[in-house]
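One structure is given below, encoded as structure tokens.
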Amino acid sequence: MEEYNLQDRHIFKMEDRDVILHTQDLHVWYGNNEAIKGIDLEFEKNKITALIGPSGCGKSTYLRSLNRMNDEIAGTSVSGKIMYKDVDLNSKEVDVYEMRKRIGMVFQQPNPFSKSIYENITFALERHGEKDKQKLDEIVETSLKQAALWDQVKDSLHKSALALSGGQQQRLCIARAIAMKPDILLLDEPASALDPNSTGTVEETLIQLKEKYSIVIVTHNMQQAARISDYTAFFYLGNALEYDVTRKVFTRPKIKATEDYVSGHFG
Ligand SMILES: Nc1ncnc2c1ncn2[C@@H]1O[C@H](COP(=O)(O)OP(=O)(O)OP(=O)(O)O)[C@@H](O)[C@H]1O
Numbered sequence: 001m002e003e004y005n006l007q008d009r010h011i012f013k014m015e016d017r018d019v020i021l022h023t024q025d026l027h028v029w030y031g032n033n034e035a036i037k038g039i040d041l042e043f044e045k046n047k048i049t050a051l052i053g054p055s056g057c058g059k060s061t062y063l064r065s066l067n068r069m070n071d072e073i074a075g076t077s078v079s080g081k082i083m084y085k086d087v088d089l090n091s092k093e094v095d096v097y098e099m100r101k102r103i104g105m106v107f108q109q110p111n112p113f114s115k116s117i118y119e120n121i122t123f124a125l126e127r128h129g130e131k132d133k134q135k136l137d138e139i140v141e142t143s144l145k146q147a148a149l150w151d152q153v154k155d156s157l158h159k160s161a162l163a164l165s166g167g168q169q170q171r172l173c174i175a176r177a178i179a180m181k182p183d184i185l186l187l188d189e190p191a192s193a194l195d196p197n198s199t200g201t202v203e204e205t206l207i208q209l210k211e212k213y214s215i216v217i218v219t220h221n222m223q224q225a226a227r228i229s230d231y232t233a234f235f236y237l238g239n240a241l242e243y244d245v246t247r248k249v250f251t252r253p254k255i256k257a258t259e260d261y262v263s264g265h266f267g
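Numbering (UniProt numbering), first residue to last: 1 to 267.
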């Protein structure tokens, strides 16, 4: 096993990867509490990357920083770079509203608007200026199909989204995110509030979605990370200590803390 030092800067290089997003020496503070202590990670296009690690180690904070969601939390400060197609997203010039069309997010609790299924998908599009009814209809259909929900809701598009099951609501939230045609989808434990059946459907949906999108997912569920992700990063105390192909992280971890975590000995 390799030795590690929490103070070291861990830079992981994997060859021949088409990187769509990466962070350089990213730090995040909540007031004086440094939740992210200098993280360098690269995310490959059209792959699923899982962020795992014990509670409170900074996974959600790091994920939220990737599309500047931490801006919404008072007292938060961020340093370092978040590079997306040669643009540093952590720069004042970035139009955060536009950027979030490219980098969408789905949260732990399904949070559809109290509107119809159809309007949940068209709401943001209309706010962005899309008025063509035929175009909106097409986007609703395509997004729901990609989120594996179309067959179940195609005859009730104008019924309330709140009448859907939890798993269906979460797939609607995924459809809502992909309707904006993002490049990257960030998901924070998207299946943790769901029953095993709905979890399975959401996982299948994500595996299909990676053909079109690059996905970063926080999960506490080790089996889920092993089932769906191509790469896994192990977070510990605000650092990313290990990052590799998922199979290697689970079967041949380099670091004792990773081994303990993936084998269920702590966290
Ligand atoms: N909104 C916030 N305000 C202040 N501190 C926060 C906030 N969110 C997280 N923190 C702190 O940042 C640290 C990292 O928390 P974070 O939620 O990112 O960890 P996590 O690994 O996602 O945890 P979990 O697996 O339990 O969701 C913790 O010390 C937490 O208390």
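Each residue gets a CB set at the ideal place from its N, CA and C atoms; glycine is no exception.
Would you report the Cα separation of residue i and residue j, rounded to the nearest angstrom?
i	j	result
ARG127	SER263	47 Å
ILE228	THR199	12 Å
ILE217	THR49	6 Å
LYS254	GLY166	38 Å
LEU194	GLY80	35 Å
LYS39	GLN208	Going by the sequence as given, residue 39 is Ile instead of Lys. Approximately 29 Å, taken between the alpha carbons.
ASN239	GLU259	16 Å
residue 270	ASP25	For the chain, the structure presents residues 1 to 267; residue 270 sits outside this window and is missing.
GLN169	GLU119	13 Å
GLY56	THR142	37 Å
LYS159	ASN221	33 Å
residue 270	LEU144	Residue 270 lies beyond the range of the chain shown here (1 to 267); nothing can be said about it.
ILE11	LEU241	9 Å
MET99	THR232	25 Å
LYS256	PHE235	13 Å
GLN201	LEU149	Note that residue 201 corresponds to Thr in the displayed sequence, not to Gln. Going by the C-alpha atoms only, they are around 10 Å apart.
SER77	ASN33	10 Å
LEU162	ARG176	14 Å
How far does the alpha helix (DSSP H) with residue i in it extend, from its first residue to its last?
i	result
ASN197	196 to 209
What are the boundary residues of the beta strand (DSSP E) that includes residue i?
i	result
LEU26	19 to 30
LYS62	According to the sequence as given, residue 62 is Tyr; it is not Lys. Per DSSP, TYR62 belongs to no beta strand (DSSP E); it is in the alpha helix (DSSP H), 59 to 66.
PHE234	231 to 236
In its own chain, which residues sit with a C-beta less than 7 Å from the C-beta of residue i, not counting the 5 before and 5 after it?
i	result
LYS226	Strictly speaking, residue 226 in this sequence is Ala, with Lys absent from that position. If we look at ALA226 and ignore the five residues flanking it on each side, its Cβ neighbours are THR246, PHE250.
residue 277	For the chain, the structure presents residues 1 to 267; residue 277 sits outside this window and is missing.
GLY75	TYR30, GLY31
Which residues in the same chain have their Cβ closer than 8 Å to the Cβ of residue i, if we skip the five residues on either side of it in sequence?
i	result
residue 324	Since the first residue shown for the chain is 1 and the last is 267, residue 324 is missing from the structure and cannot be characterised.
TYR213	ASN46, ILE178, PRO182, ASP183, ILE184, LEU185
Determine, using beta carbons only, whether residue i comes closer than 8 Å to chain C.
i	result
ASP71	No chain C is part of this structure, which consists of one protein chain only.
For residue i, collect the residues of the same chain with a Cβ closer than 6 Å to its Cβ; drop the 5 residues on either side in sequence, then sort them by chain order.
i	result
ILE174	VAL106, ALA147
VAL153	ILE117
ILE139	ALA179
residue 272	There is no way to answer for residue 272, as the model of the chain reaches only from 1 to 267.
query: Is the segment 13 to 22 touching the segment 36 to 45 in the sense that three or more CB pairs, one from each, lie closer than 8 Å?
result: yes
query: Are the segment 61 to 70 and the segment 242 to 257 touching by the rule of at least three beta carbon pairs closer than 8 Å?
result: no
message: Measuring CB atoms only, is the segment 81 to 97 touching the segment 134 to 141, in the sense that at least three cross pairs come out at less than 8 Å?
response: no
Unbroken stretches of the beta strand (DSSP E), 3 residues or longer, contained in the segment 71 to 158: 76 to 84, 103 to 106
field: Unbroken stretches of the alpha helix (DSSP H), 4 residues or longer, contained in the segment 156 to 182
entry: 166 to 178
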